[in-house]
Amino acid sequence: MVNSSQHVAGQRAHLLLRSLSENDTHCIQFSYFLYSRDGHSPGDLQLYIRVNGGPRGSAVWNVSGSHGRQWHQVELAVSTFWPSEYQVVFEASVSAERRGYIAIDDILLLNYPCYKVPHFSRLGDVEVNAGQNATFQCVATGKTTETEPFLLERRNGVVVAASAIQRLSHKRLMATFQVEAERGEQDLYRCVTESNRGAAVSNFAELIVRVPPTPIAPPQLLRAGPTYLIIQLNTNSIVGDGPVIRREIEYRASQSPWSETHGVGSLTYKVWHLEPDTEYRISVLLTRPGEGGTGAPGPPLVSRTKCAEPMRALRGLTATEIQPRQLTLQWEPLGYNLTRCHTYSVSLCYRYSTPAGGSAGNNATVRECLSVERNQSHFTLRDLPPFRSVHVRLALENPEGKKESREVTFQTEEDIPGGVAPESLTFTPLDDMIFLKWEEPVEPNGVITQYEISYQGIESSDPGINVPGPRRTVSKLRNETYHMFSGLHPGTTYLVSVRARTSKGFGQTALTEITTNISAPVFDYEDVPAPLSESESTITVLLRPALGRGAPVSAYQVVVVEEDGSRRVRRSRRRRRELGSGSDCFPVPVSQVETQSKGAPHYYTAELPPSSLPEATPFTVGDNHTYNGYWNTPLDPSKNYLVFFQAISNFRGETRMNCIRIARKAACKDHKRALEVSQHAEDMGLILGACAGGLVVLILLLGAIVIVSFFDGWDVTKKKDKTKGRHDNDRHRVKLHSLLADPNSDYVNANYIDQHHKIL
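Residue numbers (UniProt numbering): 1 to 760.
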């Protein structure tokens, strides 16, 4: 008994029964007294059940307040049996009023069930997997109602209220408790119910929380393919509780939110139907018995499938822009479903043919493959040849294979042509003509429609020609790769240009300088007088300056030719010299002394500079003077002589000459033949001979013949048929021009000049 007035508020008193270990149903009965005169509460009376020396836990029964001046009987039904033991602890605490009495008496242990309170059936252990709800079912048999509180007490004193109460029969009730099972909730739990009649306490049952198993290590990759991965589960070491009753793999693409789970019946597994070149995360799931027994996925295996061969070749290769030297191409956009690999390359390969030189039809093929940037579906080919067929194909390649598209042919547009190669310009210069030939440009860059040839005189050795001259242009057809320039000036340098044209315009110009050949000088003897005078050893002639053609006259020579008895044999050669043929002139200089020693038929009797002949000037052959190293030796009266006048032009190592017979002197053998007129048709003129010591009677006749020779001329004779006799109009001067063709030809271009004069 506790007198509250003798203790301070809150002070407690404990009454401990000895530990009990019963093996059958029993009941503890006791009486309590709780009274205060003024009706105030003397304090609280609480009852605790300590099992196996553990904590007291929560009070299984308590009472407070003043209950009158009498004893009240209470029963306690404890369902804890051997080998466990329990101890009953009574606790009285003084209230703040500190008045009245608290007392306990008549504590009895009865070996039969309690009458006033129910007994709990044995509470079994509950095993659940972590994360699940554990269900405790407390079945009470005896006197009880649904209104009385049923509690689930944890060993540390935490109390859980019943989630449902169900009456099984008129004497049996079942209270259901739900406990969220986490690893930290694993503990001992018991059922408690109380009323003013007493309390019932069940045994402690264990809540066992199992952790679902999880592999410690990730799966191991055995082999990877484009659409599969073969793995080993690698589940020898786990975290959590066994036993493992099921194995599964969970996989997903690293960049995908979805995942799939497959059950596995062996320690190796092949994951099918995967995407090529895709990273997957594969984890193993282990399951133990019970709901929620599947553990968290283990560490993932992060692996990538291999690339697969491209699905097909690229399509839709078209040209969006075509220019002479570039092509802009496009094709279908690239996608993963086509490449089947994130590592791939697109190459654009093209080829075209170019002339390789040499024989016609020889072509060299240019081939090249260019890389296209990723995610690009267009490309521009540059530096292509114009007007050329370009064959293009696309190649899609990844580490597992290559797909090439069919070849598509495109044609670049025309462009202006390339220049005619200067080295292909070949020419043949003549006196007043040039034959030019060229080849088609190495790079025509299209269809050549025409050639344009321009020429202009830019330099001349002939001071009489105005340079630069006018520029002239000639157009030629596409198949005419040659041209003959005519009407040109001799000894003149022409700047010649050749360029080709296509529909796009003219190309580059090929330039060359061509110099025409110089021509032989031309004599102006249209009105040549007879020899001015004559003696036994001399003859005086009139020398007229020659006209240079392409180059000025460099020198004049007076050439004397001795006539022997074989005039008929030399007839044709002499005729050509009379006509002034340069090919039959006297290119080799021979002096009179050399003529005697070598027996040459002619000799230079004088060489005159052009400055000495600014105009027609008399010259005496045989005056015994020296002219530029040549001795003008007196003529032998006993011999026949032909006198030639020769002009020479030199220019850049090229020499042209022309000569003309200007006189003939006959030999004087006696007085009777001092004067003789040749009757041969080739002479065609009067020939006079003067003999020293001639007859006086013949002097007058000699003078008359000299007068006739002055008008008729000595230099040129015309052949005459002997049977027809002589005519009055058969004397002509002949001026010769060499042909542009074969220089060895016997044919000449001659202009005949009438030299016939009637004697007045």
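Idealized CB from N, CA, C, for every residue including glycine. None of these values were measured; they are calculated from a predicted model.
- Taking the CA atoms as reference points, Glu400 sits about 30 Å from Leu267.
- Asp431 sits away from Asn362, with the two beta carbons spaced by 7 Å or more.
- A contact between stretches requires three or more CB pairs, one per stretch, nearer than 8 Å, and the segment 143 to 158 fails this requirement with the segment 219 to 233.
- The C-beta separation of Ala140 from Ala200 comes to about 6 Å, placing the pair in contact by the 8 Å criterion.
- Between Ala181 and Val128, the CB-CB gap stays under 7 Å.
- Every beta strand (DSSP E) stretch that sits fully inside the UniProt domain "Fibronectin type-III" (421 to 521) and reaches 3 residues is listed by chain position as 426 to 429, 434 to 437, 450 to 460, 472 to 477, 482 to 485, 492 to 502 and 510 to 515.
- A distance below 8 Å between beta-carbons, with the five flanking residues on each side excluded, links Val271 to the following residues of its chain, in chain order: Tyr228, Leu229, Ile230, Ile231, Ile249, Tyr251, His262, Tyr280 and Ile282.
- If you draw a straight line from the Cα of Lys437 to the Cα of Thr512, it comes to about 12 Å.
- In this structure Gln166 is exposed. Its beta-carbon is surrounded by fewer than 16 other beta-carbon atoms within 10 angstroms.
- Scanning its chain for C-beta atoms nearer than 6 Å, with the 5 sequence neighbours on each side dropped, one finds around Leu188 the residues Arg155, Phe204 and Glu206, in chain order.
- The Cβ neighbour count for Ser79, taken over all protein chains shown within 10 Å, is at least 16; the residue is labelled buried.
- For the 7 Å CB-CB criterion, Tyr604 and Tyr630 form a contact.
- Scanning the UniProt domain "Fibronectin type-III" (215 to 310) for uninterrupted beta strand (DSSP E) segments of 3 residues or longer gives 220 to 224, 229 to 232, 246 to 253, 260 to 264, 268 to 271, 279 to 287 and 301 to 304, listed from N- to C-terminal end.
- The residue from Val522, Asp241 and Arg18 with its alpha-carbon nearest to that of Gln87 is Arg18.
- The beta carbon of Gly39 is closer than 7 Å to those of Ser66 in its chain, skipping five residues each way along the sequence.
- With a cut-off of 8 Å on Cβ pairs, the segment 289 to 303 is not in contact with the segment 388 to 406, counting fewer than three such pairs.
- If only uninterrupted alpha helix (DSSP H) runs of at least 4 residues are considered, none is enclosed by the UniProt domain "MAM" (1 to 116).
- Ser237 and Ser303 have their C-alpha atoms some 21 Å from each other.
- According to DSSP, Arg664 shares a beta bridge with Leu642.
- Below 8 Å, enough C-beta pairs join the segment 649 to 668 and the segment 518 to 526 to call them touching: three or more.
- Shown here, Pro634 sits in coil according to DSSP, grouped into three states, outside any helix or strand.
- The Cβ atoms of Pro441 and Pro417 lie closer than 7 Å to each other.
- Annotation for Val588: no alpha helix (DSSP H) segment contains it, and DSSP assigns it neither H nor E.
- For Ala555, the closest alpha carbon among the candidates Phe645, Glu404, His273 and Pro601 is that of Phe645.
- Nearest in C-alpha terms to Arg312, of all of Ala253, Gln376, Glu404 and Leu285, is Glu404.
- Under the 10 Å beta carbon count, His483 is surrounded by 16 or more other beta carbons and is classified as buried.
- Boundaries for Lys171: no beta strand (DSSP E) harbours it, and the DSSP string shows neither H nor E there.
- Per the coordinates, the alpha-carbon of Val159 lies some 10 Å from the alpha-carbon of Cys191.
- About 6 Å separates the CB atoms of Leu425 and Ala510; that is less than 8 Å, so the two are in contact.
- In the three-state scheme derived from DSSP, where H, G and I count as helix and E and B as strand, Tyr336 is classed as helix.
- Between Ser31 and Trp61, the C-beta gap is not smaller than 7 Å, which leaves the two residues out of contact.
- With a cutoff of 7 Å on beta-carbon distance, Ser638 and Ala667 are scored as near each other.
- Leu45 has its alpha-carbon roughly 22 Å from the corresponding atom of His119.
- Distance from Gly10 to Ser93 at the Cβ level is roughly 6 Å; contact confirmed, criterion being Cβ atoms closer than 8 Å.
- Between Arg246 and Thr287, the C-beta spacing is below 7 Å.
- Contact annotation: Thr428 and Ser460 have beta-carbon atoms that are not nearer than 7 Å.
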